[in-house]
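Q: I have a structure here, written as structure tokens, and I will follow up with some questions on it.
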Amino acid sequence: MLDYRINTFLDLCDTRSYTRTSKNLNITQPAVTQHIQYLERQYNVELVYYKNKSLSLTAEGEKLYQLALAMKANNKKIEEAMTGLHNHNIKIEFGSTLTIGEYVLPKKITEYLIQYPRTNISMLVDNTTSLLKKLEDGEIHFAIVEGYFDKEKYGHRLLQKSEFIGVCAKNHSFETRELTFEDIIKERLIIREQGSGTRDILETILHENNWEINSFTSYVELGNFNAIKELVKNHMGITFVYKEVVEKDLLDNTLSPLRIRDFDVVREFNIVYLKDDIFRIQYEEFWNFLSET
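The numbers in UniProt numbering rise by one with no breaks, and the one at position 211 of the sequence shown is 211.
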């Protein structure tokens, strides 16, 4: 059982407000203060301080936050392990972003299950932001993401690298010529929702070239790659995705790659986990398999 004062500290780290934490946990504000003071006495360190009227964590507070996240996640995994003592099947619960979950992992998981049939696998598909929150809350054992994440905060290992490309419909006016950013912003952009790794990558690339999503004539946000591809195929706009998402469409000649000057983008797909996860060794065989197939 996780100490209730650690739970209070974790919530305070998220809210940075004694008032909001007291409401979230349904306790009084003085009780929140007492919980934090208890932890500071317990570990003989200062955990929080105010800077410009904003609550901040000390270096010791940051360290305790990382350890407490792992404690919370590990506590949940221990409960799951004890509940399932009589089930001899291995259980792997993880999250994946949409690109990886739909277009990269199915073949790898199929090959894994052929070799290790007594494995229960549960894969949740969500955007990078949501997956990292679920990881911290102990709802998943690890996450596989293509988006940006804090490499100082989380443990991580490379799954693979992937090419990030722009595509248009077959017979689009963009199909046969080299393009500039000035050319492509004249089109409608079909893009994933905010929080998705694909969206983050594109926004970063645009920013590096002094453009943004709003620079395009117009844009459409969709949370489904099949819907995005259908709109592009019907000449409703262009999109940017990892090559795996459109591999079959490129082979079928229903979509065409954009040739954009000085646009050569390769990004990482990473396995992300909590640094102090005591169960990590249980998943490393699975990670090795995914990375090698």
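Note that the Cβ used here is the ideal one computed from N, Cα and C, for glycine as well.
#1: Among all the DSSP beta bridges, which residues are the ones paired with Pro-257?
#2: Looking at the strands, I want to know which residues DSSP matches up with Met-123.
#3: Quick check on Leu-47: does DSSP put it in helix, strand or coil?
#4: Spatial neighbours of Gln-29 within its chain, please: C-beta separation below 7 Å, excluding the five flanking residues on both sides.
#5: Let's see if you can read the secondary structure: which residues bound the beta strand (DSSP E) around Ile-185?
#6: Mapping the DSSP letters down to three states, classify Lys-275 as helix, strand or coil.
#7: Would you kindly report the start and end of the unbroken alpha helix (DSSP H) that includes Ser-22?
#8: Contact check, Asn-288 vs Leu-159 under 8 Å by CB: the rounded distance?
#9: When we look at the beta-carbon of Arg-261 and count the other beta-carbons within 10 Å, is it buried (16 or more) or exposed?
#10: To which residues of the same chain is Met-254 closer than 7 Å at the C-beta, ignoring the five residues directly before and after it?
#11: Taking Cβ positions, are Glu-60 and Val-45 nearer each other than 7 Å?
#12: Determine contact between the region 141-157 and the region 90-101, defined as no fewer than three beta-carbon pairs at a distance below 8 Å.
#13: Based on the DSSP secondary-structure assignment, which residues constitute the bridge partners of Arg-157?
#14: Taking His-35 as the reference, which of Tyr-4, Lys-53, Asp-14 has the closest Cα?
#15: Tyr-148 and Asp-200: beta carbons closer than 7 Å?
#16: Hey, which unbroken runs of the alpha helix (DSSP H) at 4 residues or more fall wholly within the region 100-150?
#17: Identify every residue that forms a DSSP beta bridge with Ser-54.
#18: Taking 8 Å as the cut-off, does the region 119-135 touch the region 170-182 (at least 3 CB pairs, one atom from each stretch)?
#19: So Val-48 and Thr-33 are in contact, right, with Cβ under 8 Å, and what is the actual spacing, rounded?
#20: For Ile-190 versus Gly-237, is the C-beta spacing smaller than 7 Å?
#21: Tell me whether Cys-13 is buried or exposed, calling it buried when 16 or more other Cβ atoms sit within 10 Å of its Cβ.
#22: Going by C-alpha distance, which of Ile-6, Ser-215, Cys-168 is nearest His-235?
#23: Could you pull the start and end residues of the beta strand (DSSP E) that Phe-174 belongs to?
#24: May I ask you to list the residues that DSSP assigns as paired with Phe-240?
#25: When you compare only the Cα positions, how much space is there between Leu-55 and Arg-16?
A: So, from the data block:
#1: Its beta-bridge partners are Val-167.
#2: DSSP, once it has assigned bridges, lists Phe-94 as partnering Met-123.
#3: It is coil, neither helix nor strand.
#4: Once the five neighbours on either side are set aside, the close Cβ partners of Gln-29 are Tyr-18, Thr-19, Ser-22.
#5: Premise fails: Ile-185 is in no beta strand (DSSP E) and is neither H nor E.
#6: It is coil, neither helix nor strand.
#7: Its alpha helix (DSSP H) spans residues 18-25.
#8: So it is not a contact: roughly 11 Å between Cβ atoms.
#9: It is exposed - the Cβ of Arg-261 has fewer than 16 other Cβ atoms within 10 Å.
#10: The sequence given here has Thr at residue 254, not Met. Only Lys-170, Lys-233 meet the Cβ criterion.
#11: When the beta-carbon positions are compared, Glu-60 and Val-45 come within less than 7 Å of each other.
#12: Yes, the region 141-157 touches the region 90-101.
#13: Beta-bridge analysis with DSSP links Arg-157 to Ile-271.
#14: Comparing alpha-carbon positions, the option among Tyr-4, Lys-53, Asp-14 lying closest to His-35 turns out to be Tyr-4.
#15: Tyr-148 places its beta carbon less than 7 Å from that of Asp-200.
#16: Those alpha helix (DSSP H) runs which fall completely within the region 100-150 and span 4+ residues are 105-115, 128-136.
#17: Its beta-bridge partners are Lys-51.
#18: Judged by Cβ distances under 8 Å, the region 170-182 makes no contact with the region 119-135, as fewer than three pairs qualify.
#19: Not really, about 10 Å apart at Cβ, beyond 8 Å.
#20: Cβ distance < 7 Å, so Ile-190 and Gly-237 count as in contact.
#21: So Cys-13 counts as buried.
#22: When C-alpha distances from His-235 are compared across Ile-6, Ser-215, Cys-168, the shortest belongs to Cys-168.
#23: In the DSSP annotation of this structure, Phe-174 is not part of any beta strand (DSSP E), being labelled neither H nor E.
#24: In the DSSP output, where bridge partners are listed per residue, Phe-240 has Gly-166.
#25: Approximately 5 Å between the Cα atoms of the pair.
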